[in-house]
Amino acid sequence: MQCDRMRFAVIADIHGNARALRAVLADMDALGVAEAVNLGDFFSGPLDADETAALLAERNYPSIRGNHDRYLITQAREDMGLSDGAAFDLLSETHLDWIRSLPETLSFHGDVFLCHGTPTSDQTYWLERVNPDGSLRRATLSEIEAEAKGIGASLILCAHTHLPRIVHLSDGRLIVNPGSVGCPAYDDDHPVYHCVETGTPNASYAIVEKTPDAWTVTFRSIPYASTEASALAAKNVRAGWARALATGWISEASD
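Just so we're aligned: the sequence shown equals residues 1 to 255 in the UniProt record's numbering.
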């Protein structure tokens, strides 16, 4: 179905943070936004994967798998990282079956394309690049457009880096990353060790609207009980997560 006008929310990278998700859902409700899509990485983290699953089940938004969702259904428990393992221990087989049922990419309303990382990889950054020294840079337009070949949708949604971004392609298509609902900073060793930091503990999501003329995008930065989430991470012996949730920073260099 194609619509001349539609409005919906875009959420991603909740990472088991039920407190942040509740705040985002409340904000959506207050704004009268009933429709949403979810770009994956629902549960991985030392927080409330089971509560997050219950909240998502109530809404039943169109959703795709992220890389950490894939790890939950393809890796043995003993091979999982700390965050994936913590989430796995709180999830039921019903929750895992739901992840198994989800696609890696999705077309929404005929003119919107959903992916987690890029259209061909759930663990590759699209709008950013990691330099060999671990620093982060914005991808060039040519690098971004190379990954967008063959996608006819006028709005392309991606996630994975947790950074709210909007990029206009030279042919008029739009790529939007809504940021992360529940994890404002993290470190990773793929492809080399690096940190991604938003500098705010707030929950992030986006509202997009298609009018007869163009797409409009509104990024929402929502305060919530982030100190409680940080305390839970600390209780679960995850100091980096506790720091990220409390401040939006994770590296010592940010001091």
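Note that CB positions come from ideal geometry on N, CA and C, so glycine has one too. Only a predicted model underlies this, so the values are computations on that prediction, with no experimental measurement involved.
Item                                                                                                                        : Value
Pairwise C-alpha distance: residue 208 and residue 8                                                                        : 6 Å
contact_flag[the stretch 182-195, the stretch 96-104] where n(CB pairs < 8 Å) is 3 or more                                  : no
Meets three-Cβ-pair contact criterion under 8 Å: the stretch 227-245 and the stretch 27-41                                  : no
Nonlocal neighbours in the same chain, by C-beta distance under 7 Å from residue 23, ignoring five residues either side     : 203, 222, 224
Neighbourhood of residue 71 by C-beta distance below 8 Å, restricted to the same chain and skipping five residues each side : 44, 80, 81, 84
N- and C-terminal bounds of the alpha helix (DSSP H) containing residue 241                                                 : 239-247
Where the alpha helix (DSSP H) through residue 67 begins and ends                                                           : 67-74
Assumed close pair residue 47, residue 25 - CB separation to whole angstroms, cut-off 8 Å                                   : No, residue 47 and residue 25 are not in contact; Cβ-Cβ is about 16 Å, not under 8 Å.
According to DSSP, residues forming a beta bridge with residue 210                                                          : 6, 215
Cβ separation of residue 217 and residue 181, assumed to be a contact under 8 Å, to the nearest whole Å                     : Wrong, their Cβ atoms sit about 16 Å apart, outside the cutoff.
C-alpha distance - residue 250 paired with residue 154, whole-angstrom precision                                            : 35 Å
Straight-line Cα distance separating residue 107 from residue 174                                                           : 15 Å
Entirely enclosed alpha helix (DSSP H) segments - the stretch 93-161, minimum 4 residues                                    : 93-100, 141-147
Alpha-carbon spacing of residue 142 relative to residue 77, whole angstroms                                                 : 40 Å
Anticipated Cβ contact below 8 Å, residue 49 with residue 20, distance rounded                                              : In fact, because the Cβ distance is near 13 Å, the residues do not count as touching under 8 Å.
Three-state class that DSSP yields for residue 34 in the structure shown                                                    : coil
Euclidean distance between Cα positions of residue 127 and residue 246                                                      : 26 Å
Short Cβ contact (7 Å threshold) for residue 115 with residue 158                                                           : yes
Anticipated Cβ contact below 8 Å, residue 162 with residue 13, distance rounded                                             : 5 Å
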